[in-house]
Structures are given as structure tokens and as C-alpha cells.
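In the numbering used here, the protein residues as written are 156 to 297. Below: the structure, in C-alpha cells.
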């Protein structure tokens, strides 16, 4: 009897660990990754890719331009990304980047408008780094 309960306990624990280890199924989409390429390479790859992958590459290129303080170029690249065709995580990423670019141009109202996109209702489902980045942009705009 005790051996049976022990086996059942172990089986339950294994099931719990497996459930915790698996990632939840979500339709949020993936965030752009930090690229190992430069802006030109990313844009060239985007031109040769399928639309969904091209959008991710352009988001990465725009973010890289922003990190390099090339605000005009970042904004130009971001304009090429069709926000409505992106998955929610990518929309949040793009909206946050648009807000950061608006703040860099000293336009807090435009930043708040960018951060009012409906996809930001799901911000809490994204990694903490993205949550912090989005909330920092919001706080700066206020």
C-alpha cells in the first residue's frame, strides 16, 4: 500500500514538473531577437524573407538603429513594418519602439499615443525585460 502511494506521489510530482517546464501555448508570437548582423544585413535579409520573418528583421534593424542613436533611420525602418499584420508581442515591441523614438524627438504625446495600442493589454504576458522597457517609455512620456 505504501509503495503504491509512493509511486503515485512520484508520478504526480513528475507530472507537475513536466507541466511547469513546458511553455504555455500562446498566440502572442515571438519577440525580435538581438541580431548578430548590422542594419544593412538585416534589411537585406528582410528583403529576401517571407513577410512575417521580414517584419521581425525590420523590427530588429529599427531597434539597432535606435540603439545607435540614429533616430531618423530607426523611424524610417519602423514605418516599413505593417503593425496590423504583426502578432501581439511584435505589436507591443513595435509600439514601444515607436514611443521611444517619439520621446527621442521630444514628443511625449506621440509616445503615449503609440503606447495606447490595444496589444499592450497583453504586456503582462511578455518577458519582464519587455515589460520594463514598455513601462519605462510610458513613465518617461508622462
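Positions of the beta carbon are idealized from the N, C-alpha and C atoms, including for glycine.
Legend entry - Selection from 205, 280, 201, 227 that minimises the alpha carbon distance to residue 248: Walking along the chain shown from the start, residue 248 turns up at place 93. It is 280 whose Cα lies nearest to the Cα of residue 248.
Legend entry - Proximity of residue 221 and residue 209 at Cβ, strictly below 8 Å: Position 66 of the chain shown, counting from 1, holds the residue named residue 221. Position 54 of the chain shown, counting from 1, holds the residue named residue 209. Their beta carbons are not under 8 Å apart, which means residue 221 does not touch residue 209 by this criterion.
Legend entry - Per-residue burial, residue 236 [other beta carbons within 10 Å of its own, 16 or more giving buried]: Position 81 of the chain shown, counted from the start, is the residue given in the question as residue 236. Looking at its Cβ environment, which holds 16 or more other Cβ atoms inside 10 Å, residue 236 is buried.
Legend entry - Neighbourhood of residue 233 by C-beta, 8 Å cutoff - its chain only, sequence neighbours within 5 removed: Locating residue 233 in the chain shown gives position 78, counting from the first residue. Excluding positions up to five away in sequence, the list reads 213, 214, 217, 249, 252, 253, 256.
Legend entry - Short Cβ contact (8 Å threshold) for residue 291 with residue 243: Sequence index remark: in the chain shown, residue 291 carries index 136 (1-based). Sequence index remark: in the chain shown, residue 243 carries index 88 (1-based). Contact flag unset, no.
Legend entry - For residue 259, the three-state DSSP class (helix, strand or coil): In the chain shown, residue 259 corresponds to position 104, counting from 1. Helix, per DSSP.
Inset, instruction - State buried or exposed for residue 297, treating a residue as buried only when at least 16 other CB atoms are found within 10 Å of its CB. - result: Counting from one through the chain shown, the residue named residue 297 turns up at place 142. Under this definition residue 297 is an exposed residue.
Legend entry - Run of the alpha helix (DSSP H) containing residue 123, from where it starts to where it stops: For residue 123 there is no data in the structure shown, the boundaries of the chain being 156 and 297.
Legend entry - alpha helix (DSSP H) segments (min. 4 residues) lying fully within the stretch 213-241: 226-234
Legend entry - Reference residue 258, options 199, 227, 185, 191, closest by Cα: Locating residue 258 in the chain shown gives position 103, where the first residue counts as 1. Of the listed residues, the one whose Cα sits closest to residue 258 is 227.
Inset, instruction - Count the other CB atoms, across all protein chains shown, that sit within 10 Å of the CB of residue 271; report buried if there are 16 or more and exposed otherwise. - result: For this step, residue 271 is matched to residue 116 along the chain shown. The residue is exposed, with fewer than 16 neighbouring Cβ atoms inside 10 Å.
Inset, instruction - Determine the DSSP secondary structure at residue 250, reduced to helix, strand or coil. - result: Numbered from 1 along the chain shown, position 95 holds the residue referred to as residue 250. Residue state, collapsed to three classes: helix.
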